[in-house]
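Chemist: Residue numbers (the working numbering): 1 to 691.
For glycine and all other residues, C-beta sits at the position ideal for the given N, C-alpha and C.
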Ligand code: GCW
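1. On the DSSP bridge assignment, give the partners of residue 180 in chain order.
2. May I ask you to check if the CB of residue 131 is nearer than 7 Å to at least one heavy atom of the ligand GCW?
3. Pairs of beta-carbons, one from the stretch 646-655 and one from the stretch 497-515, closer than 8 Å: are there three or more?
4. DSSP state of residue 560, grouped into three classes?
5. Looking at the structure shown, is residue 672 part of a helix, part of a strand, or coil, going by DSSP?
6. Quick one: give me the first and last residue of the beta strand (DSSP E) that residue 286 is part of.
7. State the Cα-Cα distance for the pair residue 674 and residue 657, rounded to the nearest angstrom.
8. Return the residue from the list 553, 591 and 561 that minimises the CA-CA distance to residue 574.
9. Consult DSSP for residue 525 and reduce its assignment to one of helix, strand or coil.
10. Short of 6 Å in beta carbon distance, which residues of its chain neighbour residue 495, apart from the five on each side in sequence? Order them along the chain.
11. I think residue 275 touches residue 235, with their Cβ atoms under 8 Å apart; what is that distance to the nearest whole Å?
12. Note down, in chain order, each residue of its chain lying with its Cβ closer than 6 Å to the Cβ of residue 65, except the 5 sequence neighbours on either side.
13. By alpha-carbon positions, which one of 583, 73 and 68 ends up nearest to residue 345?
14. Terminal residues of the continuous beta strand (DSSP E) containing residue 108?
15. Evaluate the contact criterion for the stretch 160-180 versus the stretch 202-216: three or more CB pairs, one atom per stretch, below 8 Å.
16. Who are the Cβ neighbours of residue 14 in its own chain at under 7 Å, not counting the five residues just before and after it?
17. Look up residue 298 in the DSSP assignment and give the residues it is bridged to.
18. Considering only DSSP beta bridges, list what residue 682 is partnered with.
19. Taking all protein chains shown into account, do 16 or more other C-beta atoms lie within 10 angstroms of the C-beta of residue 546, making it buried, or fewer, making it exposed?
20. Compute the Euclidean distance between the alpha carbons of residue 266 and residue 277, then round it to the nearest angstrom.
21. Quick check on the DSSP output: the beta strand (DSSP E) that includes residue 70 runs from which residue to which?
22. Distance check for residue 231 and residue 358, CA to CA, integer angstroms please.
23. Does the beta-carbon of residue 126, which I'm using as the reference point, lie nearer than 7 Å to any heavy atom of the ligand GCW?
24. Would you call the stretch 299-308 in contact with the stretch 326-335, where contact means no fewer than 3 C-beta pairs closer than 8 Å?
25. Helix, strand or coil for residue 677? Go by DSSP, reduced to three states.
26. With DSSP as the reference, identify every bridge partner of residue 89, one or two as the case may be.
27. For the beta strand (DSSP E) holding residue 361, just list the boundary residues, first then last.
28. When DSSP labels each residue in this structure, what does residue 470 get in the three-state scheme?
29. Please list the terminal residues of the continuous beta strand (DSSP E) segment that includes residue 420.
30. Run through the DSSP bridge pairs and tell me what residue 39 is partnered with.
31. Using the Cβ count rule (16 or more neighbours within 10 Å means buried), how would you classify residue 25?
32. Can you tell me which of 560, 565, 598 and 54 puts its alpha carbon nearest to the alpha carbon of residue 581?
33. Output the residue ranges of the beta strand (DSSP E) runs that lie fully inside the stretch 144-204 and measure 3 residues or longer, sorted by chain position.
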């Protein structure tokens, strides 16, 4: 064969064998239409055009059916909600029509029926927070570099290829109801508000706009002095106030639908009002006033803790509760789900429900900083469901976190929820094919905070993996459901609990390897001299010869008192404290009797063992599904599961062997023996630092 025919041959081979190869780039939006649809819509706009195009591209309903899209005010429809029936989508806004269309298509693809129904979003603002730096790197990003920012060399130039990617990104977000994006890291660059950078923001905003995605920015609180030439950034200084007003005006001139600012201030070394002796309220209100005339909001983070505090988990409540009622109505306090920091399991942050006169929004972390990066298969929806359903009891039984934040209990002017994005330039967007499910789940729960993780997993799997060509063939569909959908859904639903088991069971938290600050892998031993103690694991696990765990009772740090009764008493008493939080709230003896009759030490060992076994089981189950999935995604996930098994083993061995030095008890003889030496694991850790 000559060169030319060689190439033709290879192309042929590729198209024959790779017909079904999937790289994950199409996310959950793979469906192709199976017939035509006759769309009736009186209006035209770029958003409605997208709605029509989506219908034509992915219609799987009755061939030739008629569908009416109606923009008409209806009091029962809230925000960009919609009314859905078999042959009509009605909404107050064009964006509502688009959301209704995505829902209709989702129902078709997942085989769900449509009754006449109204769907309203739980939150007014459903926002992704990108921790993207202006040099293109991403803090806690595990899926490649930023889709928005380049390295310095390319500067702020915008290419068509990029615009196309942003469009795909916007489409994916709109399809799950996300309507806002903070384009840059909360650890913001001072350059963010410079005119060159804002020009780029304008370009991005233009691509996102037709999909209903508002653009927000994270900015440095000290911008007036850093880039504005002022001597101070004191929020009560008239020149500073004027500087922000002018800057906001400049932004709205080029981005008329700008959403507002997300601020990390007086937190982890970031500048803030406290540098000038002012409060969070002084700072937030000053900026909120500048945004008010344009309809913008401030999302002010409550992620604050100071070095050497007795208990970091108490701080946000202490700093923010006295300010309840002091914030403008266009300020929302953005609070992480747990009081420490996105750990595999935490009780909810006690500020939820407690701040009654201030808008509060949850911040979830989609990117898996503490949950295995994009290496481990961990479906986070179960964790978020647990969090949203947690009862704060603040206004009686049923005051769940969901209801205290979505306006059902407190009259908030604005409601919102944020998720720290896991999106990067990787072909499959999120690094791990299953990490896409976390992006998806965030959007779906932000739209409906009552959705179950089971339902979300089910719809995501059907859209993301169902064999395209077999949709109509019932027998094949059920075959696929039995052999793929059911077992893989099971893996997803168990995956977060498994991660808790093999890394931080029974309320343990923040015992990560500290070196290089990766937050991947165990490091309960990590405590080099001179390191801030609240950045070392022993601060959190407090293991010693008498027992293990953080005493947050009234005799300890008192964190339990920040919760409303009956929770406060329930957490205070080890006998009534849920065992999943035992070591979060209590320092208990190694021979403490657990509910199942085992002593704590044995329970700890068995739980680590269980976690490892669970991942080994995921591995076996995954191998079985090979015939029901394309080759590429099968092997990508297979190989990541191998690494996950190894790393779960390292977690188990590292933690059990380390804690054994304090418990001085044997590892129960019926569990698998460790395969790594503690010294080796500790040295490997040290080795890393020297590399
Ligand atoms: O979880 C911690 C992370 C930091 C992050 C910080 C925050 C953006 O380790 O990387 O900084 O929280 O949420 O501000």
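Modeler: This is what the structure holds:
1. Taking the chain shown and counting its residues from 1, the one referred to as residue 180 is at position 180. Partner(s): 127 and 214.
2. Taking the chain shown and counting its residues from 1, the one referred to as residue 131 is at position 131. Yes, the ligand GCW has a heavy atom inside 7 Å of this Cβ.
3. yes
4. Position 560 of the chain shown, counted from the first residue, corresponds to residue 560. Residue state, collapsed to three classes: helix.
5. One-based indexing of the chain shown puts residue 672 at position 672. In this structure, residue 672 counts as coil in the three-state DSSP scheme.
6. To locate residue 286, count along the chain shown from 1; it is residue 286. Premise fails: residue 286 lies in the alpha helix (DSSP H), 280-291, not in any beta strand (DSSP E).
7. Locating residue 674 in the chain shown gives position 674, counting from the first residue. Locating residue 657 in the chain shown gives position 657, counting from the first residue. Taking the straight line from one Cα to the other gives about 8 Å.
8. For the purposes of this step, residue 574 is taken as residue 574 along the chain shown, with counting starting at 1. The shortest C-alpha separation from residue 574 is found at 553.
9. Position 525 of the chain shown, counted from the first residue, corresponds to residue 525. Residue state, collapsed to three classes: coil.
10. Position 495 of the chain shown holds residue 495. Here the set comprises 377, 378 and 379.
11. The residue you call residue 275 lines up with position 275 of the chain shown. The residue you call residue 235 lines up with position 235 of the chain shown. About 10 Å separates the two Cβ atoms, so there is no contact after all.
12. Within the chain shown, the letter at position 65 stands for residue 65. So the qualifying residues of the chain are 37.
13. Indexing the chain shown from 1 puts residue 345 at position 345. Taking only the C-alpha atoms, the option nearest residue 345 is 583.
14. As a position in the chain shown, residue 108 is number 108, starting the count at 1. First-last for residue 108: 94-110, but that is the alpha helix (DSSP H), not the beta strand (DSSP E).
15. yes
16. Taking the first residue of the chain shown as 1, we reach residue 14 at position 14. Only weak support is given to the placement of residue 14: the predicted model assigns it a pLDDT of 42, under 50, and the question is left unresolved by the model.
17. Taking the chain shown and counting its residues from 1, one reaches residue 298 at position 298. Paired residues: 261 and 331.
18. Here residue 682 is taken as the residue at index 682 of the chain shown, counted from 1. Partner(s): none; residue 682 has no beta bridge.
19. For this step, residue 546 is matched to residue 546 along the chain shown. Result: exposed.
20. Within the chain shown, numbered from 1, the residue matching residue 266 stands at position 266. Within the chain shown, numbered from 1, the residue matching residue 277 stands at position 277. Their backbone Cα atoms lie some 11 Å apart in a straight line.
21. Here residue 70 refers to the residue found at position 70 of the chain shown. Residue 70 -> beta strand (DSSP E) spans 65-71.
22. Along the chain shown, one-based indexing puts residue 358 at 358. Along the chain shown, one-based indexing puts residue 231 at 231. Looking at the two C-alpha atoms, the distance is approximately 32 Å.
23. Residue mapping note: residue 126 aligns to position 126 of the chain shown, counting from 1. For the ligand GCW, not one heavy atom lies less than 7 Å from the Cβ of residue 126.
24. yes
25. As a first step, residue 677 must be located in the chain shown, where it is residue number 677. Coil.
26. Residue numbering aside, residue 89 sits at position 89 when the chain shown is read from its first letter. BP columns for residue 89 point to 69 and 84.
27. On the chain shown, position 361 is the one that residue 361 refers to. From DSSP, the beta strand (DSSP E) with residue 361 extends over 359-365.
28. Within the chain shown, the letter at position 470 stands for residue 470. Unreliable positioning characterises residue 470 in this predicted model, as indicated by a pLDDT of 49, which lies under 50. The coordinate reading is nonetheless provided below. In this structure, residue 470 counts as helix in the three-state DSSP scheme.
29. As a position in the chain shown, residue 420 is number 420, starting the count at 1. Looking at the DSSP string, the run of the beta strand (DSSP E) that includes residue 420 is 416-420.
30. Within the chain shown, residue 39 is the residue found at index 39, counting from 1. Partner(s): 67.
31. For this step, residue 25 is matched to residue 25 along the chain shown. Exposed is the call here.
32. On the chain shown, residue 581 is found 581 positions in, with the first residue counted as 1. Nearest option by C-alpha distance: 560.
33. 180-182
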